[in-house]
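So in my numbering, the last spot in the sequence shown is 455, and the numbers never skip.
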Amino acid sequence: MAHYRSAGNIPPKRHTQHRDPQGNLYREELMGEEGFSSDSSLLYHVGVPSAITEARTWELPDQSTKPNEPLLARHLKLHDLFDGGAGNDIVTSRRLVLGNGDVRISYVVAAETSPLYRNATGDECVFIESGSGTLETVFGHLPFSDGDYLIIPRATTHRWVPNGDVRAYAIEANSHIGPARRYLSKFGQLLEHAPYCERDLRGPSEPEVRDETNVEVYIKHRGSGPGGLSGSIHVVPLHPFDVVGWDGCLYPYAFNVADFEPITGRVHQPPPVHQVFEGNNFVICNFVPRKVDYHPLAIPVPYYHSNVDSDEVMFYVAGDYEARKGSGIARGSISLHPGGHSHGPQPSAIEASLGVESFDELAVMVDTFRPLELGEGGSASDDGEYALSWIR
64 MAHYRSAGNI PPKRHTQHRD PQGNLYREEL MGEEGFSSDS SLLYHVGVPS
114 AITEARTWEL PDQSTKPNEP LLARHLKLHD LFDGGAGNDI VTSRRLVLGN
164 GDVRISYVVA AETSPLYRNA TGDECVFIES GSGTLETVFG HLPFSDGDYL
214 IIPRATTHRW VPNGDVRAYA IEANSHIGPA RRYLSKFGQL LEHAPYCERD
264 LRGPSEPEVR DETNVEVYIK HRGSGPGGLS GSIHVVPLHP FDVVGWDGCL
314 YPYAFNVADF EPITGRVHQP PPVHQVFEGN NFVICNFVPR KVDYHPLAIP
364 VPYYHSNVDS DEVMFYVAGD YEARKGSGIA RGSISLHPGG HSHGPQPSAI
414 EASLGVESFD ELAVMVDTFR PLELGEGGSA SDDGEYALSW IR
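Take a look at the structure:
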């Protein structure tokens with residue numbers, strides 16, 4: 064996100080000496096994307112950011128997937144995956160629902176503080192279905208609550224501290240995640256037609272220096288495991304939260320779905336008007352409470368459409384999703400509509416929607432441009448009946 068921020072204690076000139084009151088040199092670290100060719104931030108550490116004292120293997124949660132064969136639309140009931148958050152954390156207790164080589168979608172209900180964690184494969188976008196807490200990071204801390212998206216850049220050391228049960232929907236990329244490019248000027252500013260702006264984004268607090276020693280950091284990285292992933296645990300001599308200051312355009316931030324301003328029209332608008340973020344080969348959209356089509360003959364629910372180039376994943380968070388009435392879809396459901404299969408509203412929902420002036424619904428959609436496969440959480444939560452719902 065090319066939006067410059069500065070926090071804490073930094074020198075007036077980059078790549079110059081910066082010392083503490085006792086004369087000790089702070090260690091400058093450049094955290095940057097695409098080598099040295101894209102957004103970056105400079106962080107000033109008390110300790111040496113490269114130092115480790117021990118390394119061992121972390122056995123990741125099951126990352127294996129299986130093809131969606133035979134090709135079926137599916138209803139995944141995510142709320143059936145967890146009885147509650149006790150004993151679970153947002154990092155190690157995730158259950159993989161869907162995935163491909165570009166993106167992995169997981170779900171978790173957690174109440175425990177996570178270990179320190181670093182995803183070295185790509186950015187994460189974590190949507191908070193319900194609950195509150197704090198995302199603690201090397202840049203500073205971000206309080207979160209219902210409806211927040213947390214965007215965490217690749218290789219950001221962080222941990223999750225819930226206040227009771229938190230339901231989280233984790234979208235893990237093998238790339239970077241940011242606002243839709245069509246919303247941005249050539250210099251990276253959000254434009255007037257964008258459904259949100261920089262004022263809606265919340266950056267981290269001032270960085271916090273901690274003095275614990277011999278601290279474990281869990282790292283997900285490229286490797287030989289399922290999905291091309293492996294896990295490692297590094298023991299570091301000084302707590303990674305040892306940053307006295309930083310500046311730049313790369314950092315974690317939060318955006319609440321309630322601050323998304325929906326784009327509407329006289330007739331039904333296509334899904335891209337609901338887009339909020341994008342990554343390589345996938346987009347993230349959200350459907351929020353809004354007035355709907357106001358042409359006198361408008362049909363407010365979507366028309367039937369074929370996913371020629373993409374798989375469509377809809378996570379139903381709140382409200383009543385008009386187009387799915389009669390299908391079994393409810394809060395906590397995912398619908399998977401794969402490429403090559405036409406889909407649309409339940410037949411009875413079309414007539415029922417005529418004359419409706421507004422929809423009270425909240426859903427997060429991920430469209431991928433390569434086929435998605437089922438993770439163990441997706442297989443475990445599949446209702447096995449959804450593909451037949453259009454003939455009932």
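The beta carbon of each residue, even a glycine, is placed where N, CA and C say it ideally should be.
Considering only C-alpha positions, which residue in the set the options is nearest to residue i?
i: Asp305; options: Phe202, Gly251 and Asp446; result: Phe202
i: Pro333; options: Val419, Tyr357, Leu105 and Pro365; result: Pro365
i: Thr431; options: Leu425, Leu399, Ser405 and Glu414; result: Leu399
i: Ala218; options: Val189, Gln126, Gly185 and Asn237; result: Gly185
i: Pro112; options: Lys129, Glu261, Tyr170 and Val307; result: Val307
i: Ser442; options: Gln126, Leu105 and Asp102; result: Gln126
i: Glu91; options: His297, Arg77, Pro408 and Pro410; result: Arg77
i: Ile73; options: Pro270, His256 and Ser156; result: Pro270
With H, G and I counted as helix, E and B as strand and the rest as coil, what does DSSP make of residue i?
i: Trp309; result: strand
i: Trp121; result: coil
i: Asp228; result: coil
i: Val336; result: helix
i: Leu135; result: coil
i: Ile153; result: coil
i: Glu261; result: helix
i: Ala450; result: helix
i: Arg387; result: helix
i: Asp211; result: strand
i: His142; result: helix
i: Asp423; result: coil
i: Val351; result: coil
i: Val320; result: helix
i: Gly95; result: strand
i: Arg90; result: strand
i: Gly291; result: helix
i: Arg244; result: helix
If you follow the alpha helix (DSSP H) that residue i is part of, which residue opens it and which one closes it?
i: Gly441; result: Glu439 to Ser444
For a quick check, are the C-beta atoms of residue i and residue j less than 8 Å apart?
i: Val339; j: Ile326; result: no
i: Leu123; j: Lys283; result: yes
i: Pro303; j: Val280; result: yes
i: His138; j: Gly391; result: yes
i: Ala317; j: Asp211; result: yes
i: Pro225; j: Ala183; result: no
i: Leu437; j: Asn131; result: yes
i: Gly342; j: Ile240; result: yes
i: Arg167; j: Leu144; result: no
i: Pro352; j: Leu292; result: no
i: Ser69; j: Tyr314; result: no
i: Phe422; j: Ile397; result: no
i: Ile170; j: Tyr89; result: Rather than Ile, the amino acid found at residue 170 in this sequence is Tyr. Contact: no.
i: Gly402; j: Asp383; result: no
i: Val427; j: Asn349; result: yes
i: Pro258; j: Phe207; result: no
i: Thr128; j: Gly290; result: yes
Around the Cβ of residue i, are there at least 16 other Cβ atoms within 10 angstroms (buried) or fewer (exposed)?
i: Arg181; result: buried
i: Ile191; result: buried
i: Ser33; result: Because residue 33 is not part of the residues shown, which for the chain are 64 to 455, the question remains open.
i: Asn277; result: exposed
i: Glu97; result: exposed
i: Thr79; result: exposed
i: Thr120; result: exposed
i: Asp152; result: buried
i: Gln409; result: buried
i: His358; result: exposed
i: Arg222; result: buried
i: Asp83; result: exposed
i: Tyr246; result: buried
i: Pro133; result: exposed
i: Thr116; result: exposed
Could you check where the beta strand (DSSP E) with residue i kicks off and where it finishes?
i: Ser416; result: Counting along the chain, Ser416 falls outside any beta strand (DSSP E), though it belongs to the alpha helix (DSSP H) covering Pro410 to Ser416.
i: Ala381; result: Asp374 to Gly382
i: Val172; result: Val166 to Ala173
i: Gln110; result: Here residue 110 turns out to be Gly, not Gln, going by the sequence shown. First-last for Gly110: undefined, no H or E at that position.
i: Glu192; result: Glu187 to Ser193
i: Lys283; result: Thr276 to Arg285
i: Tyr180; result: Leu179 to Asn182
i: Ala70; result: Arg68 to Gly71
Taking Cβ positions only, does residue i come closer than 8 Å to chain C?
i: Leu292; result: In the structure shown, chain C cannot be found, because there is only a single protein chain.
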